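Residue numbers (this note's numbering), protein chains in the order written: chain A, 816 to 1151; chain B, 816 to 1151. Think of the CB as a built atom: it goes at the ideal place given N, C-alpha and C, for glycine as much as any other residue. Remember, predicted model here, so these are calculated numbers, not experimental data.
Protein chains: 2
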Amino acid sequence: MPSSARKTRLSRDNIMAVYTEISDLELESFLADYDFGKLLAFKGIAEGVENSNFLLQVEAGLFILTLYEKRVAAADLPFFLTLMEHLAARGLTCPQPVKTKSAKMLGRLAGRPAAIVTFLEGVSSRRPSVRQCAALGAALGQLHRAGADFRGSRPNALSLPAWPQLFALAGDRAEEVQTGLVSFVAAELAFLERSWPRGLPRGTIHADLFPDNVLFLGDKVSGLIDFYFACTDFLAYDLAVCLNAWCFEPDFSFNVTKSIALIEAYQTMRKLAPEEIEALPVLARGSALRFALTRLVDWLNVPPGALVRPKDPLEYVKRLRFHQRSKSPRDLGLKL
Amino acid sequence: MPSSARKTRLSRDNIMAVYTEISDLELESFLADYDFGKLLAFKGIAEGVENSNFLLQVEAGLFILTLYEKRVAAADLPFFLTLMEHLAARGLTCPQPVKTKSAKMLGRLAGRPAAIVTFLEGVSSRRPSVRQCAALGAALGQLHRAGADFRGSRPNALSLPAWPQLFALAGDRAEEVQTGLVSFVAAELAFLERSWPRGLPRGTIHADLFPDNVLFLGDKVSGLIDFYFACTDFLAYDLAVCLNAWCFEPDFSFNVTKSIALIEAYQTMRKLAPEEIEALPVLARGSALRFALTRLVDWLNVPPGALVRPKDPLEYVKRLRFHQRSKSPRDLGLKL
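Listed below in structure tokens is the structure:
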């Protein structure tokens, strides 16, 4: 490819992947530590925005090679990798870290921490169906069950205590995004600080189980991916993230058929306690605010001329307004 | 992935792929026209900067789906696709267009022309060895032989007549890149207009056979890819492009061991005529200027803040200076 600067117009239909280039020689030497047979192909793939990912074809099959870029703390990598190993060992279809001949899961390549995980078949759904919401609910319940005896722990760096800081990062410029947003968020923060539940069942949560992180073959979940926000928090908070990410229609109406399907399937795997059901509306407000705030900070910090267009924070403000209006867990499809 | 704006610092180690997003439903409907069995996975891949490419895993195997973006003229697509089909039928390992059930090679997906080609194993070499240069030379000769009876034809849009226009696009701003560059290029253009050969053997050439467009398994060529600059021109010009792209060391010294290996292997497949040998130094100058000029235009037209860094035009100015100093085809490793 002789000339690589392209004046690409930005639109919602464009996605970007920036990745670290790896030379064939570096890669061959890295792979020599694995029991893979010959290298047959490798291609940079656009999966995950945080890290650089490559599809690796070796005689042993297809794998994903991940180079961890700056946004992932190297100290957290053992948590993520041992979690995936733990979950895969309990039958969850998630990427399984592959060990080197000397049983290491984490190495270094092109100056970055690097790991290889198994390749999972499946295609993520852009507009999940009711059946897919049900399948996701069951997979989430299975994830929480499989994680119950996981010993690792990692605080949720993007929970209640972090939100005022994110809000401060945005500052008054939030008004540029929507007039009145500053007082709206301030009031919501005050409400959540008063109302955030205590003492709910805790465990290992995915914390980012959006449709792009779930692979399907037809209506069957074939894999959960991208565990790089996983942490220890209320299990019901993970459910709240999924209700927000899976059950709103493109016009931001809440599809209660989807939420009922999701929640009922979840409960076939793990029964919700009454206090979790009661807390879900507040958890849903908190989860909506969390994504509104991180998107807001990204939105206000795009370098001029950048080719990436950040996701619209108002999509999560709209979800939050829905939750503010709802009166009871029943509005989310929960049965008391 | 909840937040997608990343402040990624630009460096030579970063490569970018922007691609058109395809929904799972659009894709399923597009694939229904093919005899592929079920869709098992698809991932956007960073291959080719001109187009959007996806790795497609179906029951029938691995394939590449390409969406043609603006820089490729839709009217040229039948030429490129029938050329690949022609070459593959003659045993060249290049991507082979796959036909729909109704025998079409070209369709539309996500508002763009789209085609599916076979997936080729292999890894491109960042620093080609002498053996790899020899293998490339033989593959180029094979390509020229296989293309000899191809009926399609497409003018080379980036040959001699186009260079003054490219130069005009850069204009006086070329001086920002290197002082004296404007008069240097003007003098070279005048020389090439006087000295450009006539009447050399013509045929279908790849015209962009850089190391990223050649896949190897070890020292064996396993595939030639990215035919989207292919056109009808002097066959020896293709060889000149390869001498420039494969035989210079990172310090821009010319490695005559590599060029001898490349040329000799080429001639095992297709013997050069004496007039081609004699013309090669001028063709090498022209080819160096062509890449210097397209890079120069890209370099001067990067949108502010863009994440892509264009390739350095001076890398080809340095090659051109080498060729200006050389006195005879012997300096390129050619035997008279």
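{"Query": "Own chain partners of B:Leu1135 with C-beta closer than 8 Å, once the 5 adjacent residues on each side are dropped", "Result": "Glu1003, Arg1100, Ala1103, Leu1104, Ala1107"}
{"Query": "Cutoff 8 Å: B:Lys1073 Cβ touching any chain A Cβ", "Result": "no"}
{"Query": "Residues of its chain near A:Pro910, where Cβ-Cβ distance is below 7 Å and the 5 sequence neighbours each way are ignored", "Result": "Ile879, Met899, Val932, Thr933, Leu935, Ile1040"}
{"Query": "Proximity test, Cβ basis, 8 Å: B:Asp850 and chain A", "Result": "no"}
{"Query": "Collapsed DSSP secondary structure at A:Ser818 in the structure displayed", "Result": "Confidence at A:Ser818 is low in this model, with a pLDDT of 31, below 50, so its placement is unreliable and the value that follows should be read with caution. A:Ser818: coil per DSSP, three-state reduction."}
{"Query": "Cα-Cα separation, A:Thr1019 to A:Ala972", "Result": "13 Å"}
{"Query": "Coarse secondary structure for B:Ile1075, derived from DSSP in three states", "Result": "helix"}
{"Query": "Segment contact flag, the segment 1007-1017 of chain A with the segment 1049-1065 of chain A, C-beta cutoff 8 Å, min 3 pairs", "Result": "yes"}
{"Query": "Identity of the residue in B:Gly937, B:Ser838, B:Trp1114 nearest A:Ser940 by Cα", "Result": "B:Ser838"}
{"Query": "Inter-residue Cα distance where the pair is A:Asn1059 and B:Lys853", "Result": "30 Å"}
{"Query": "Minimum length 3: unbroken beta strand (DSSP E) runs contained in the segment 953-1001 of chain B", "Result": "none"}
{"Query": "Nearest-angstrom beta carbon gap, B:Ser1074 and B:Gly956 [assumed within contact, 8 Å]", "Result": "That pair is no contact at about 14 Å."}
{"Query": "C-alpha gap between A:Gly926 and A:Leu1151, whole angstroms", "Result": "53 Å"}
{"Query": "Local Cβ density within 10 Å of B:Thr1072, reported as buried at 16 or more and exposed below that", "Result": "exposed"}
{"Query": "Residue span of the beta strand (DSSP E) that contains A:Ala889, given as start and end", "Result": "Premise fails: A:Ala889 is in no beta strand (DSSP E) and is neither H nor E."}
{"Query": "Candidates B:Gln947, B:Phe851, B:Phe895, B:Glu1093, of which the one nearest B:Glu874 by Cα", "Result": "B:Phe851"}
{"Query": "Run of the beta strand (DSSP E) containing A:Gly1101, from where it starts to where it stops", "Result": "Per DSSP, A:Gly1101 belongs to no beta strand (DSSP E); it is in the alpha helix (DSSP H), 1089-1115."}
{"Query": "Per-residue DSSP class, three states only, for B:Pro1026", "Result": "helix"}
{"Query": "Counted within 10 angstroms of its Cβ, other Cβ atoms place B:Lys822 as buried (16 or more) or exposed", "Result": "Low local confidence applies: a pLDDT of 24 at B:Lys822 is under 50, so the model's placement there is unreliable, and no value is given."}
{"Query": "Assigned exposure category for A:Arg824 - 16 Cβ within 10 Å defines buried", "Result": "In this predicted model, A:Arg824 has a pLDDT of only 24, less than 50, meaning its place in the structure is not dependable; the value taken from the coordinates is given anyway. Exposed, since its Cβ has fewer than 16 Cβ neighbours within 10 Å."}
{"Query": "For A:Leu860, the residue or residues it bridges with in DSSP", "Result": "The residue asked about is misnamed: residue 860 of chain A is Ile in this sequence, not Leu. The partner list for A:Ile860 (beta bridge, DSSP) reads A:Asn868, B:Ile860."}
{"Query": "Among A:Gly1033, A:Ala847, A:Asp1053, the one whose alpha carbon lies nearest that of A:Phe1042", "Result": "A:Asp1053"}
{"Query": "Distance, A:Lys858 Cα to B:Asp828 Cα", "Result": "Only weak support is given to the placement of B:Asp828: the predicted model assigns it a pLDDT of 31, under 50, and the value that follows is read from those uncertain coordinates. C-alpha separation (whole angstroms): 15 Å."}
{"Query": "Cβ pair B:Asn866, B:Glu884 closer than 8 Å", "Result": "yes"}
{"Query": "Boundaries (first-last residue) of the alpha helix (DSSP H) holding B:Asp1053", "Result": "1050-1061"}
{"Query": "B:Phe1031 and B:Gly922 closer than 8 Å at C-beta", "Result": "no"}
{"Query": "Short CB-CB distance (under 8 Å) between B:Ala977 and chain A", "Result": "no"}
{"Query": "Contact under 8 Å by Cβ, A:Tyr1081 with A:Ala953", "Result": "yes"}
{"Query": "Candidates A:Glu841, A:Arg905, A:Leu1087, A:Leu1095: closest to A:Asp964 by CA position", "Result": "A:Arg905"}
{"Query": "Interface residues of chain A facing B:Val1000 [CB-CB closer than 7 Å]", "Result": "In chain order: nothing, as chain A lies at least about 16 Å away."}
{"Query": "Beta-carbon contacts of B:Phe895 that lie in its chain and below 7 Å, excluding the five residues immediately before and after", "Result": "Phe1042, Tyr1043, Ala1045"}
{"Query": "Neighbourhood of B:Arg797 by C-beta distance below 7 Å, restricted to the same chain and skipping five residues each side", "Result": "Nothing can be reported for residue 797 of chain B, as the shown portion of chain B is limited to 816 through 1151."}
{"Query": "Contact list for A:Ala856 against chain B, beta-carbon separation under 7 Å", "Result": "Glu936, Gly937, Val938"}
{"Query": "Minimum Cβ-Cβ distance from B:Gln872 to chain A less than 8 Å", "Result": "yes"}
{"Query": "Interface partners of B:Val839 on chain A, CB under 9 Å", "Result": "According to the sequence as given, residue 839 of chain B is Asp; it is not Val. What B:Asp839 touches in chain A: Val938, Ser939, Ser940, Arg941, Arg942, Phe1031."}
{"Query": "Beta-carbon gap between A:Gln993 and A:Leu1129 smaller than 8 Å", "Result": "yes"}
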